[in-house]
Structures are given as C-alpha cells and as structure tokens.
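Residue numbers (this note's numbering), protein chains in the order written: chain A, 1 to 114; chain B, 1 to 114; chain C, 1 to 114; chain D, 1 to 114.
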C-alpha cells in the first residue's frame with residue numbers, strides 16, 4: 001500500500017459516502033459497531049473448521065471481508081485524525097517492551113491481546 | 001501510509017513474531033479470532049456512551065486499539081498474500097454497483113454490512 | 001423458564017445435534033466462536049440506528065436472534081457441566097461487592113464489563 | 001434453571017441496576033453491545049489454543065463469563081418482553097425444518113449460523 005494508493009482510497013471512500021448522504025449515520029460508535037461486525041464476518045469464514053483453514057467453498061471471500069474491515073478501520077482513523085501507520089509503529093514500540101523476547105518466547109500465555 | 005512505511009511495518013511485525021517463536025500459534029483461525037477480539041476492544045471504548053463518543057478518560061486509547069486491529073489485519077492479509085489496498089479498491093468497485101446512489105441515498109436500511 | 005422447560009430444551013438441542021451428527025464439530029472453541037457470531041447478529045439489528053432501537057423492519061427478528069445466543073450458551077454450559085442459574089447467581093454475588101452502590105451509583109464509568 | 005430461580009434472578013438483576021441508577025444507560029443498543037463484548041470475553045478464553053480447549057490457567061473463568069452473557073441476554077429479553085425458553089423452542093421448530101436430517105447430517109457446510 002503506497003501513499004498514493006492510501007490517499008486515493010480514503011478519497012474514494014469519502015466520495016462514496018458523501019454521494020449517498022451516509023455521513024449522517026457515521027458517528028464513531030456506529031463506525032465501531034460496523035468494524036466489529038465485519039471482523040465477525042471474517043471469523044465466520046472459519047466457523048466449524050477442524051483444520052483451522054477457511055471453510056470449503058469460502059476461500060474467495062477472505063479478500064472482500066478483509067477489505068471491509070479495512071474500510072471501517074480507515075473511516076474510524078479518519079474520524080480521529082489518526083495515521084494508521086504511525087499508530088501501529090508506536091504500538092509496536094510498546095509491544096516490544098511489554099512482550100520481551102526473554103519472557104515471551106514460545107509462550108502463548110504471554111501472548112494475550114496485544 | 002506510504003509504501004516504505006507499509007513494507008517496513010510488515011517486516012517489523014514478522015520479525016517481532018519470529019523473535020518470540022509465535023508463528024506456531026498463527027494459524028488463520030487464531031488470527032481471525034484475534035482480529036475479532038481487537039475489534040471488540042475498539043467497540044468497548046464506546047460502551048455505555050449516550051453521545052456516541054468515546055467514553056470519558058479513554059480518548060487516548062483509540063489510536064492503540066486501531067493499531068491492534070491493523071496488526072491482525074496485516075497478519076491475515078499476509079497469510080493469504082492479499083494486497084489490502086487492491087482488495088479494498090476491488091471491494092469499492094462492488095460497493096458502488098451494489099449501493100447505487102439512486103437507491104441508497106440517505107437510507108440507512110440500504111446500508112447494512114458492506 | 002421453568003425447570004421442565006429448561007431440561008426439555010437441553011434434551012431437544014442434544015437430540016437435534018445428534019440426529020445430524022454434528023457433535024463432531026462441537027469442540028468448545030467452535031462453540032465459543034458461534035456464541036460470538038450470534039451475539040454479533042443481535043448487535044447487527046441495531047447497526048446505523050440513531051435512536052438506539054432496532055432498525056426499521058427488523059423488529060420481528062430479535063426473538064430468534066436471542067434464541068440463537070441462548071442455544072450456544074446452553075451448549076457451552078452443558079459442555080462444562082455448568083448450571084447457568086447458579087453461575088449467574090454466584091456472579092451477582094461478586095458484582096454486588098465489586099460495584100458497591102456507594103461507588104457505582106449513576107456512574108457509567110464504574111460500569112464497564114461485568 | 002427452574003422457574004423460581006429464573007424469576008428470582010431477573011428480580012435480583014433489576015434490583016441491582018435500580019440500586020445503582022444504571023437503567024439510564026440501558027437502551028437496547030447498549031445492551032446489545034454489552035452482550036457482544038461479553039461473548040468476546042468467552043471467546044478470549046480460547047485465544048491461541050491449539051487443542052480447542054480453554055487456555056491454561058483460565059479454566060475457572062468460564063462459569064463467570066457464561067454468567068455475564070446470560071446477564072445481558074436476560075436484560076435484552078426483559079426489555080422486549082421475550083420469554084427466552086419459548087423463543088428458543090420456537091427457533092428449534094424452525095431449525096428442524098431448515099436443517100433437515102437428510103440434507104444436514106454430518107455436513108458442517110450446512111451448519112452455518114443458525
């Protein structure tokens with residue numbers, strides 16, 4: 001994802017919602033609900049699987065579902081003037097301190113929600 | 001988010017998980033669960049609010065929580081060799097057809113889960 | 001919900017899954033995923049609403065969606081031999097200590113996730 | 001769960017929220033968000049597990065987490081005057097038609113979200 005693509009995506013999303021007069025629904029709480037619902041759509045692709053892979057016949061849907069999560073993530077970040085790349089870089093700084101290699105190596109119990 | 005930043009973030013995440021020997025936990029089903037859990041952490045910031053804004057005293061947390069969602073989104077996209085920018089661009093093509101301005105303008109009932 | 005109804009519901013659910021040979025999919029992780037997905041279906045009824053009520057045309061669906069959550073809740077409780085009524089009664093004991101009337105009265109910030 | 005227990009639980013929950021003046025936060029959208037957040041807490045107990053069982057050291061928490069889901073389920077059902085036992089019984093009628101034994105037996109792909 002280069003800068004041109006990202007800016008162009010944000011612009012496209014903004015135009016899309018403006019054309020449909022949907023900004024009226026976009027208070028941040030509603031955006032957060034939609035983000036959660038789309039993340040659940042991703043998870044649903046793995047429902048009932050025993051091999052932890054996407055369920056049969058649903059392999060083509062993961063790209064669209066991840067895109068939907070990205071859509072709401074960009075909307076929320078835009079609402080709060082957050083630069084997602086900088087936010088993640090800053091969070092990785094914290095993660096590297098919180099989950100020191102020494103303590104966390106190979107241990108899932110040290111690896112709860114980042 | 002420019003290209004250099006994005007590639008560098010992905011590289012950093014990969015190194016972070018490799019250093020901690022955490023790839024063993026990263027089957028896609030577990031990644032999808034973590035994506036969902038982090039999206040819920042975002043939503044939790046809005047729990048009980050009446051004004052649909054982040055609850056008092058939690059304003060500083062939104063950046064970290066969105067970063068966490070981005071983290072798992074990148075991990076899942078990387079697992080399936082999906083380019084998030086291209087995926088979203090392609091999804092927007094579909095959205096613009098599915099939600100025609102004529103039919104969808106100003107109507108939240110036309111605007112369910114993308 | 002009286003005892004006869006509850007026992008009869010559990011028996012009915014068990015027969016339903018046995019008849020379909022679905023127990024093979026019911027490891028507790030998969031049950032927990034389904035519980036989460038059904039809770040999201042409930043939340044989806046409120047997506048985009050401004051008045052915090054169920055969205056127009058969806059009012060008849062809440063009963064079925066709550067039933068679906070109840071279904072997985074009973075399945076998970078049964079898996080772990082948990083009596084839901086006793087579990088909730090015990091949890092209320094804790095809640096009454098954790099959220100003392102004195103400290104919690106009228107304050108949503110004291111009222112996060114029980 | 002017998003009738004006396006259920007009625008007594010509902011009464012206890014109502015008194016608990018009244019004592020804390022929390023009814024003001026309990027519009028149904030907020031209740032649905034809390035239901036979803038608690039279902040995520042259940043799912044979190046299984047995060048990163050490879051054996052699909054609750055993660056080590058968290059076994060004692062499942063009872064409390066299921067109780068929390070039950071709490072919000074009862075609150076939402078009460079808000080809409082829904083009898084959970086009748087609602088589930090009615091939903092099972094539909095499930096038995098929708099997922100006929102003949103078509104659904106042994107097939108997880110027939111077994112998506114009820």
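For glycine and all other residues, C-beta sits at the position ideal for the given N, C-alpha and C. The structure presented is a predicted model; accordingly, all values stated were derived computationally and were not measured.
- Distance from the CA atom of residue 102/C to the CA atom of residue 43/A, rounded to whole angstroms, is 41 Å.
- Between residue 108/B and residue 72/A, the C-beta gap is not smaller than 9 Å, which leaves the two residues out of contact.
- Look at the beta carbons and you see the region 56-63 of chain B touching the region 75-86 of chain A: at least three pairs across the two are nearer than 8 Å.
- Assignment of residue 23/B by DSSP, reduced to helix, strand and coil, places it in the helix class.
- Of all C-beta pairs linking the region 81-92 of chain C to the region 38-58 of chain D, fewer than three are shorter than 8 Å, placing the two stretches out of contact.
- Proximity of chain C to residue 75/D at the Cβ level (cut-off 8 Å) is not reached, the minimal Cβ distance being about 11 Å.
- Pairing residue 56/A with residue 20/B gives a Cβ-Cβ distance that is not under 9 Å.
- Minimum Cα-Cα distance from residue 54/B among the listed residues 28/A, 90/A, 68/A corresponds to 28/A.
- By the 16-neighbour rule on beta-carbons within 10 angstroms, residue 36/B is buried.
- From the beta-carbon of residue 33/D, the residues of chain B found nearer than 9 Å are 43, 44, 46, 47, 48.
- Residue burial annotation: residue 69/C is buried, with at least 16 other C-beta atoms found within 10 angstroms of its C-beta.
- Residue state for residue 48/B is assigned as coil, using DSSP reduced to three classes.
- If you look at residue 71/D, you'll find it in the alpha helix (DSSP H) that goes 62-79.
- Distance between residue 30/C and residue 33/B, taken at the CA atoms: about 11 Å.
- In its chain, beyond the 5 residues on either side, 65, 68 have a beta carbon closer than 7 Å to the beta carbon of residue 41/B.
- Neighbourhood of residue 53/D in chain A, by CB distance below 7 Å: empty, with the nearest CB roughly 13 Å away.
- Residue 88/D and residue 9/C do touch by the CB rule: their CB atoms are close to 6 Å apart, below 8 Å.
- Residue environment analysis places residue 91/D among the buried positions, since at least 16 neighbouring C-beta atoms fall within 10 angstroms of its C-beta.
- Taking residue 45/D as the centre and dropping the five residues before and after it, the same chain places the C-beta of 54, 55, 58, 61, 62, 65 closer than 8 Å to its C-beta, in chain order.
- No Cβ of chain B is located within less than 9 Å of the beta carbon of residue 24/C.
- The Cβ of residue 105/A sits closer than 9 Å to at least one Cβ of chain B.
- The straight-line gap separating the alpha-carbon atoms of residue 16/C and residue 6/A is approximately 49 Å.
- Interface with chain B (9 Å Cβ-Cβ cutoff): residue 39/A is included.
- In the structure shown, residue 100/D falls within a coil segment according to DSSP collapsed to helix, strand and coil.
- Residue 26/C and residue 24/B have their C-alpha atoms spaced approximately 23 Å apart.
- Against residue 69/A, the close residues of chain B are 35, 39, 69, 73, in the order they occur along the chain (beta-carbon pairs closer than 8 Å).
- Shown here, residue 53/C sits in coil according to DSSP, grouped into three states, outside any helix or strand.
- Within its own chain, the residues whose Cβ lies closer than 8 Å to the Cβ of residue 38/B, once the five positions on either side in sequence are excluded, are 65, 68, 69, 71, 72, listed in chain order.
- Excluding residues up to 5 positions away in sequence, nothing lies with its Cβ nearer than 8 Å to the Cβ of residue 12/C in the same chain.
- Contacts between residue 108/D and chain A, judged by CB atoms closer than 9 Å, involve 47, 48, 49, 50, 55, 56 in chain order.
- The contact set of residue 95/A on chain B, defined by CB atoms closer than 7 Å, consists of 16 in chain order.
- In the three-state reduction of the DSSP assignment, residue 83/A falls in the coil class.
- In this structure, DSSP gives residue 58/A a state outside helix and strand, which the three-state scheme calls coil.
- Residues of the same chain with their beta carbon placed closer than 8 Å to that of residue 106/A are lacking, with the five preceding and five following residues left out of the count.
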